[in-house]
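Participant:
Shown next as C-alpha cells:
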C-alpha cells in the first residue's frame, strides 16, 4: 500500500484511507444538490421532449440542447460515484463519466 514517513523520518507507516461515507455530513449537501440538479435536468429534458416540434425548441437548437442537458445530467450523477465505496468499476466510472460529462457540456 501507500506509505509515508514517521515524524522523525526513521521509518515508514501506512497512510490512512480517508473517504466520504453516505452518512457523512460532508456528503449530505453535495448529494442533496445532486438530487435537486438531476430532478431539474430531468424536468427540462421532459419539457423539451414534450414540446420537441414547437418553434421555440427548434430555434434553441434541439440537438445541441439535448447534448448539453446530457452532460449536465452526467455531472450531477457523478456525485454519487464520488461518495461510493472505491473499487475498480467505481474508479473507472468516475474517470470516464466526469470527463464525458464535462466534454459534452463544453462541446454543446
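In the numbering used here, the protein residues as written are -1 to 106. We put the beta carbon where it would ideally sit given N, CA and C, even for glycine.
So what's residue 48 in DSSP terms, helix, strand or just coil?
Facilitator: Note: residue 48 maps to helix in three-state DSSP.
Participant: Which word fits residue 19, buried or exposed, when buried means at least 16 other C-beta atoms lie within 10 angstroms of its C-beta?
Facilitator: That one is exposed.
Participant: Between which two residues does the beta strand (DSSP E) harbouring residue 10 extend?
Facilitator: Here the beta strand (DSSP E) through residue 10 covers 10 to 12.
Participant: In the DSSP assignment, find the unbroken alpha helix (DSSP H) run with residue 121 in it and report its ends.
Facilitator: No information on residue 121 is available, as it lies outside the stretch -1 to 106 that the chain covers here.
Participant: Just to confirm my understanding: we take residue 63, look at its own chain, exclude 5 residues before and 5 after, and list those with CB closer than 8 Å. What are they?
Facilitator: Answer for residue 63: 46, 55 and 106, listed in chain order.
Participant: Output the boundary residues of the beta strand (DSSP E) element that contains residue 3.
Facilitator: That run of the beta strand (DSSP E) goes 1 to 3.
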